[in-house]
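Enquirer: Using our numbering, the first residue of the sequence shown is number 1, and each one after it goes up by one.
Before I ask anything, here is the structure I am working with.
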Amino acid sequence: MAHDQEALDLAQQIVELDLKRDECWEDLAALAGDRAFELLRLVQNR
1 MAHDQEALDL AQQIVELDLK RDECWEDLAA LAGDRAFELL RLVQNR
(Lines of atoms letter the chains of each structure in order from A and count residues from 1; the text may use other names and numbers.)
(Lines give C-alpha, C1' and ligand atoms only; values in the text may rest on other atoms or scores of the structure.)
Protein backbone atom coordinates (compact mmCIF):
# COMPACT_ATOMS: atom_id res chain seq x y z
CA MET A 1 0.00 0.00 0.00
CA ALA A 2 1.72 3.14 -1.26
CA HIS A 3 -0.60 5.37 0.75
CA ASP A 4 0.39 3.61 3.98
CA GLN A 5 4.08 4.21 3.29
CA GLU A 6 3.43 7.82 2.36
CA ALA A 7 1.46 8.31 5.58
CA LEU A 8 4.25 6.72 7.62
CA ASP A 9 6.82 8.94 5.90
CA LEU A 10 4.78 12.04 6.68
CA ALA A 11 4.36 10.96 10.28
CA GLN A 12 8.12 10.51 10.55
CA GLN A 13 8.71 13.97 9.09
CA ILE A 14 6.33 15.47 11.65
CA VAL A 15 8.19 13.79 14.50
CA GLU A 16 11.52 15.04 13.16
CA LEU A 17 10.18 18.57 12.74
CA ASP A 18 8.79 18.50 16.27
CA LEU A 19 12.19 17.52 17.65
CA LYS A 20 13.85 20.26 15.59
CA ARG A 21 11.29 22.76 16.87
CA ASP A 22 12.15 21.82 20.45
CA GLU A 23 15.85 22.30 19.75
CA CYS A 24 15.22 25.68 18.15
CA TRP A 25 13.06 26.78 21.07
CA GLU A 26 15.80 25.86 23.52
CA ASP A 27 18.31 27.85 21.47
CA LEU A 28 15.98 30.85 21.30
CA ALA A 29 15.29 30.67 25.03
CA ALA A 30 19.03 30.55 25.73
CA LEU A 31 19.64 33.60 23.53
CA ALA A 32 16.60 35.71 24.34
CA GLY A 33 15.83 34.61 27.88
CA ASP A 34 12.52 35.95 29.15
CA ARG A 35 11.83 37.61 25.81
CA ALA A 36 11.86 34.35 23.80
CA PHE A 37 8.08 33.92 23.75
CA GLU A 38 7.54 37.60 22.92
CA LEU A 39 10.00 37.39 20.02
CA LEU A 40 8.39 34.21 18.71
CA ARG A 41 4.95 35.86 18.71
CA LEU A 42 6.35 38.96 17.02
CA VAL A 43 7.72 36.88 14.15
CA GLN A 44 4.56 34.73 13.91
CA ASN A 45 2.35 37.80 13.62
CA ARG A 46 4.30 39.51 10.84
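Using N, Cα and C, we set each Cβ at its ideal position, and we do this for glycine too.
What you are looking at is a predicted structure, and each value in this text was computed from that prediction instead of being measured.
Would you give the residue range spanned by the alpha helix (DSSP H) that ASP34 belongs to?
Expert: Against the sequence shown, residue 34 aligns to sequence position 34. Segment: none, ASP34 is in no alpha helix (DSSP H) and carries neither H nor E.
Enquirer: In whole angstroms, give me the CA-to-CA distance for ALA9 and ARG41.
Expert: To locate residue 9, count along the sequence shown from 1; it is residue 9. To locate residue 41, count along the sequence shown from 1; it is residue 41. A small fix is needed here, since residue 9 is Asp in this sequence, not Ala. So the two alpha carbons sit approximately 30 Å from each other.
Enquirer: What does the alpha-carbon distance come out to for the pair LEU29 and VAL15?
Expert: Taking the sequence shown and counting its residues from 1, the one referred to as residue 29 is at position 29. Taking the sequence shown and counting its residues from 1, the one referred to as residue 15 is at position 15. Here the sequence assigns Ala to residue 29, which means Leu is not the residue at that position. Cα-Cα distance, rounded: 21 Å.
Enquirer: To the nearest angstrom, how far is the alpha carbon of GLN12 from that of GLN5?
Expert: Against the sequence shown, residue 12 aligns to sequence position 12. Against the sequence shown, residue 5 aligns to sequence position 5. Distance between the alpha carbons of GLN12 and GLN5 is about 10 Å.
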